[in-house]
Amino acid sequence: MRHASAGLILFFLLVVAMPAGADAVDDGLPATVSEQVRTQTREMIRVGVPADEALAMTRSMAQQGYSDAAMRQAQHQMMAACEEGLPHEPLFNKLQEGLAKQVPPENVVKAMQTVRERYRYSYRFARQITADKTQQKALGQAQAQALAAGLQTRDMTRIQDQVRQRIRSQTCDNCPQLATESALAARDMARLGVASPNVAEVVDEALEIGYDSPRMHRMRHQFQERAQYEDPQGLAHRYANAFRYGQDPAADNAGGSQGNRGGGNGDSDGGSGNGGGNGNGGRP
Amino acid sequence: MTVRRLAGLALLPVFLTVGCATHYIRRDDGRAAFFLRCPGAREVALATSLDGFTPHKAHRSGSGQWVATVDADRDFSYFYLVDGKVFQPDCRMAEADDFGGTNCVYTIVP
Numbered sequence: 021m022r023h024a025s026a027g028l029i030l031f032f033l034l035v036v037a038m039p040a041g042a043d044a045v046d047d048g049l050p051a052t053v054s055e056q057v058r059t060q061t062r063e064m065i066r067v068g069v070p071a072d073e074a075l076a077m078t079r080s081m082a083q084q085g086y087s088d089a090a091m092r093q094a095q096h097q098m099m100a101a102c103e104e105g106l107p108h109e110p111l112f113n114k115l116q117e118g119l120a121k122q123v124p125p126e127n128v129v130k131a132m133q134t135v136r137e138r139y140r141y142s143y144r145f146a147r148q149i150t151a152d153k154t155q156q157k158a159l160g161q162a163q164a165q166a167l168a169a170g171l172q173t174r175d176m177t178r179i180q181d182q183v184r185q186r187i188r189s190q191t192c193d194n195c196p197q198l199a200t201e202s203a204l205a206a207r208d209m210a211r212l213g214v215a216s217p218n219v220a221e222v223v224d225e226a227l228e229i230g231y232d233s234p235r236m237h238r239m240r241h242q243f244q245e246r247a248q249y250e251d252p253q254g255l256a257h258r259y260a261n262a263f264r265y266g267q268d269p270a271a272d273n274a275g276g277s278q279g280n281r282g283g284g285n286g287d288s289d290g291g292s293g294n295g296g297g298n299g300n301g302g303r304p
Numbered sequence: 050m051t052v053r054r055l056a057g058l059a060l061l062p063v064f065l066t067v068g069c070a071t072h073y074i075r076r077d078d079g080r081a082a083f084f085l086r087c088p089g090a091r092e093v094a095l096a097t098s099l100d101g102f103t104p105h106k107a108h109r110s111g112s113g114q115w116v117a118t119v120d121a122d123r124d125f126s127y128f129y130l131v132d133g134k135v136f137q138p139d140c141r142m143a144e145a146d147d148f149g150g151t152n153c154v155y156t157i158v159p
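For the record, the sequence lines run as chains A and B.
So the first sequence is numbered by the numbering used here: it starts at 21 and just counts up by one.
So the second sequence is numbered by the numbering used here: it starts at 50 and just counts up by one.
Here is the structure:
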């Protein structure tokens, strides 16, 4: 009797459940999609891409007339990101952006690879700094976004080296958070159009005079606010110069106050109020 | 002469989209209204990273201004589609789009 029940369960699994799993991919894709692409779609789901995203991505590419080869290359990028422990969402977003902009498939695949390489580089450092997955994700993403905003790898490395120095000298309480805030500061300055070496100079100097993560956070927001009224590039020069003279440019009196070189704790600057209505408009 | 004429023709679409100017954003309670002055356009849409760059149709608000409103409780990148063509306004914050162009970046003002 027990054997009969086990046999029935096995029969159910083999005959009913497994083909149903296969049908989810088959049903979700147009008939024009080749067996090779279907197989690779199942493989994507197996390595961790959510089924709805794997199907949506393949369907969108098929609808836009991607060749089999291009579809498989794009799928490969997603799978490789998953296998490397990188987030797949930024690659999926890049594909969707490419589809919306009607970019040729080969350029979309290339862009997906560029995104993956940025995240691979960023996560390598994040994994060295912290074992905490949430912190790794925050730091990895902040760095990848800084690179997308125009920060050069050599300049990011300069910031990373300064963070490592702070860890070695044990002058940061929450080093992963400091690393993340530094990357976010670099990202925002790069997004505002500050040249990559100047971005690195400001963040590097801030780390050198002992900024902690709350101070870095305040400097980032204050820089954004001031950049609404001043040329961001000139502002970055001013910040770097102030740091060099041991001053804190993000202090209340805007460059007049004495910084605490080698110190660490953040002073209140009260400077991060709301920038108001249309801060995202045209560059000043 | 022919080269000039060709250059002129090549620049024509640029002039048509350059006609789109004065881009600004108004925030209101977790939502953001994107305004683009684009008098000659027949159709304008806003595409954002919030939802996989699905185009949100803008409506004409008078005086040649187009408006699209989206939920804006976090940072995102965006661009416009003007008569089906990508249009990147002059914006304060930008990032590379990895296709040789840029995207504007919307941030929550601190």
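Cβ coordinates follow ideal geometry from the N, Cα and C atoms, glycine included.
Nothing here was measured: the structure is a model prediction, and the numbers come from that model.
Just curious, the alpha helix (DSSP H) that residue 73(B) is in, first and last residue? Residue 73(B) -> not in any alpha helix (DSSP H); beta strand (DSSP E) instead, spanning 70-77.
Taking only beta carbons into account, state which residues of the region 123-151 of chain A come closer than 7 Å to chain B, listed in chain order. Listed in sequence order: 123, 127, 131, 134 and 135.
At 7 Å on the CB atoms, spell out the chain A contacts of residue 88(B), in chain order. Per Cβ cutoff of 7 Å: no residues; residue 88(B) is ~18 Å from chain A at best.
Taking residue 184(A) as the reference, give the member of 173(A), 155(A) and 146(A) with the closest Cα. Of the residues 173(A), 155(A) and 146(A), the one whose Cα lies closest to the Cα of residue 184(A) is 146(A).
Check the Cβ-Cβ distances between residue 144(B) and every residue of chain A, and say whether any is below 8 Å. For residue 144(B), the answer is yes, since a Cβ of chain A falls inside 8 Å of its Cβ.
Which word fits residue 88(B), buried or exposed, when buried means at least 16 other C-beta atoms lie within 10 angstroms of its C-beta? Taking all protein chains in view, the Cβ of residue 88(B) is surrounded by fewer than 16 other Cβ atoms within 10 Å, so the residue is classified as exposed.
Kindly indicate which three-state DSSP category residue 78(A) falls into: helix, strand or coil? Helix.
So, using beta-carbon positions, are residue 135(A) and residue 114(A) closer together than 8 Å? Yes, the pair counts as a contact, with Cβ atoms nearer than the cut-off.
Nonlocal neighbours in the same chain, by C-beta distance under 7 Å from residue 275(A), ignoring five residues either side: Any reading at residue 275(A) must be qualified, since the residue scores a pLDDT of 44, below 50, and its modelled position is unreliable; no value is offered.
By the three-class DSSP mapping on this structure, what secondary structure does residue 281(A) have? For residue 281(A), the predicted model reports a pLDDT of 38, less than 50, meaning its position is unreliable and no value from the coordinates is stated.
Pull up the CB-CB distance for residue 162(A) and residue 215(A), whole angstroms please, since I reckon it's below 8 Å. That belief does not hold up - the Cβ atoms of residue 162(A) and residue 215(A) are roughly 19 Å apart, past 8 Å.
For residue 249(A), the three-state DSSP class (helix, strand or coil): Here residue 249(A) sits in coil by DSSP.
Contacts that residue 169(A) makes with chain B (C-beta to C-beta distance below 9 Å): Within chain B, the residues near residue 169(A) are 142, 143, 144, 145 and 154.
Drop a sphere of 10 angstroms on the beta-carbon of residue 126(B), count the other beta-carbons inside from all chains shown, and report buried for 16 or more, exposed for fewer. Burial call: buried.
With C-beta atoms as the reference, is residue 149(A) less than 8 Å away from residue 195(A)? Their beta carbons are under 8 Å apart, which means residue 149(A) touches residue 195(A) by this criterion.
Compare the C-beta of residue 112(B) with all C-beta atoms of chain A and state if any pair is closer than 8 Å. Not closer than 8 Å to any Cβ of chain A, the Cβ of residue 112(B) fails to qualify, so no.
Would you kindly report the start and end of the unbroken alpha helix (DSSP H) that includes residue 111(B)? Careful: residue 111(B) lies outside any alpha helix (DSSP H), inside the beta strand (DSSP E) at 108-111.
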